[in-house]
Structures are given as structure tokens and as C-alpha cells.
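Let me begin by presenting the structure, written as C-alpha cells, before commenting on it.
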Amino acid sequence: MDIQTKLFIVFGIVVILFLIIDLGFFNRKSHKIEFKAALAQSLFWVGISIVFSFLIFLYMGQEMAAQFMSAYVTEKMLSVDNLFVIMLIFNYFKLEEKYHHRVLFWGIMGAIVFRAIFIGVGAYIIHQFYWILYIFGAILLYTGIKLLREKKEEHVDFNNNKVIKFARKHLPFTANHHNGKFFCRENGKFMFTSLFLVMLLIEATDIVFAVDSIPAVFAISQNLFIVFTSNIFAIMGLRALFFLIENVLHRFHHLQKGLAFILLFIGLKMLSGIFGVHISSFISFGIIMFALCSSIVLSIIFPKKI
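Residue numbers (the working numbering): -17 to 288.
This is the structure in C-alpha cells:
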């Protein structure tokens, strides 16, 4: 058994164990997640990710560790943009806070499955047609330019959302939450609750964001192990991050510009390979961290005008 397989087993044990403890022990009943609990979970996932990157550094080398952290930070920033949309979804449906964790938990579970499928398909396509990476680079350039030019609010139009329209047209729904259940029986009929519709919309949103994040991570590393573990570690901390910053999320208004800069940089880095130009993983990680820190600092120094 090689070291990469061993590290993947460690990764699987950590993720599965925490999911079982999370749903089976800490959050068996629907309740509001307090700030201290959200902070502890956020620090846990960030800490675990750093420890995992250190293990990669020890057993797989500096290059792989730098790729892991670059991919992790990039996915984390993309997740913050995703959190903004999730917050809008909760507000649109007027979802009670005690149900937020349950929806996010199963939403993350679905995201793990879909990300695994997308990453697997992406790795196969890249293996067969390496030039597809240049298309990924072009997609990232387009996305980065688009993010620079538009506001977050332009991403979402729930009144004309195709997922909502399709679900309500083809599935029987009840307006009752039924104590946090996704399915129920009313008058002997099988029904979906509005909670299920919220989760369905979050899953659809994650798929849309994966169109940006998967190419971005593959542009950083083509190692399937690095791509998958960095992606999953980033989204595993998504729930805790939501509860931690939901009340101040709007204040980090320069994060979108920082993310746009990162996508533009990664896209250009990928396309530069056509001309034989190589940018090391260490330089890439430094630039990504600089963009992240700068966008946070600028958001604090120059707050958004209300």
C-alpha cells in the first residue's frame, strides 16, 4: 500500500467519523447553531486541513503540499461566494434558523457525491485529452472577468428559478416543515416538504458553483488525490463557516474581487503552459493567499456603504 492510499484512508476516516458524530450525537435534534460551536467547528476543519497538508508535505513532498493548500484556499473562497447564495435562499423561504443545520448537512452530503462524480469525470477527460486544461483556463478567465463586472445579487433570481418551477410542477409539496422532515404523509398521500425544496435548490446551486471550482482546482493540480481531498475538506467546513459569518457576510464585499483576481491568475497560469511558461506551486500559493488577505483587509478598511 503506497503512502497516497494510506493518506486517503486517513482522510476518509476523519470525514466519515465527524459526519457520524455531527449528526448522530451533536445535532440529533433541530436547533440553532451558536457562535461558539460554529467557531469551534470552523477551527477544527481548518486545523485538520493544515495538519493534512503537513502530512502531505512529509510524505509526498513540498510541491504536493503547496498544490493542496492552493486548491484548498481557492475552493474556500469560492465557498464564501456560495454561502452568500445559500443565505439568500434561506431568506427567500423564510426558513427557521433551527432547520439551517439539517439542510446544510444533507446539502453537503449531496455536494460530496456530486463533487466526487465531477472530479472523477474531469480526471478521466484530462487523462484522455490533456488540452482540455486550456479550455478550463479560458473558462476561468471568463468567470473572473464576469465576477469583476457584476454584483452578487445578479447571480440569483428565485422568482424565475427553473429548479423551483420544475420541482413544484412535478412533485407534490406541502407548506408544512413537519419538524424538519424532508418527506411526510398528509391525508395518506406521500408529500415533499418545503425543507426538501430548499435542500434541492442548495444542491443545484452547488452544482453551478462546481462548474467554476472544479476547473480551478484542476488548473492548480492534476493529481486526483490532491484535487478531491482539498475540495472535500473545503466544503466540509462550509456549514460551520456559514453559522460563523452569516451576520457579517455582506461586509466582506471585496472577497468577490479577490476571488475574481485568483480565477484570472489561475486561468492565465494554465494558458501560459501553451507558451512553455511555468509558475511554481509556491508562487501560486503566495499569490492566492495575498489575494485572500488583501480582499479581507480592504473590506475592513473600506466598509460597504449602506
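Cβ atoms here follow ideal geometry from the backbone N, Cα and C, with glycine treated the same way. Keep in mind it's a predicted model, so treat the numbers as computed, not measured.
Please say whether residue 201 and residue 249 have beta carbons closer to each other than 8 Å? yes
Are residue 216 and residue 58 touching if we call contact CB-CB under 8 Å? yes
Could you pull the DSSP bridge partners for residue 221 from this structure? Beta-bridge pairing links residue 221 to no other residue.
Would you give the residue range spanned by the beta strand (DSSP E) that residue 45 belongs to? That residue, residue 45, is in no beta strand (DSSP E); its alpha helix (DSSP H) goes 44 to 75.
Applying the criterion that 16 or more other CB atoms from any shown protein chain within 10 Å of the CB defines a buried residue, is residue 236 buried or exposed? buried
Buried versus exposed call for residue 165 [16 or more other C-beta atoms within 10 Å across all chains shown]: exposed
Pull up the distance between the alpha-carbon of residue 91 and that of residue 220, whole angstroms please. The alpha-carbon atoms of residue 91 and residue 220 are separated by roughly 11 Å.
For residue 173, three-class secondary structure by DSSP: Residue state, collapsed to three classes: strand.
Candidates -12, 96 and 113: closest to residue 213 by CA position: 96
Range of the contiguous alpha helix (DSSP H) that encloses residue 272: 263 to 283
In chain order, what residues of the same chain lie with their CB nearer than 6 Å to the CB of residue -7, ignoring the 5 residues before and after it? 211
So, with DSSP's three-state summary, where would you put residue 164? coil
Go to residue 144, then tell me how far its alpha helix (DSSP H) extends in each direction, as first and last residue. That run of the alpha helix (DSSP H) goes 144 to 152.
Where do the ends of the alpha helix (DSSP H) carrying residue 254 lie? Counting along the chain, residue 254 sits inside the alpha helix (DSSP H) bounded by residues 237 to 254.
Whole-angstrom distance between residue 175 and residue 253, CA atom to CA atom: 46 Å
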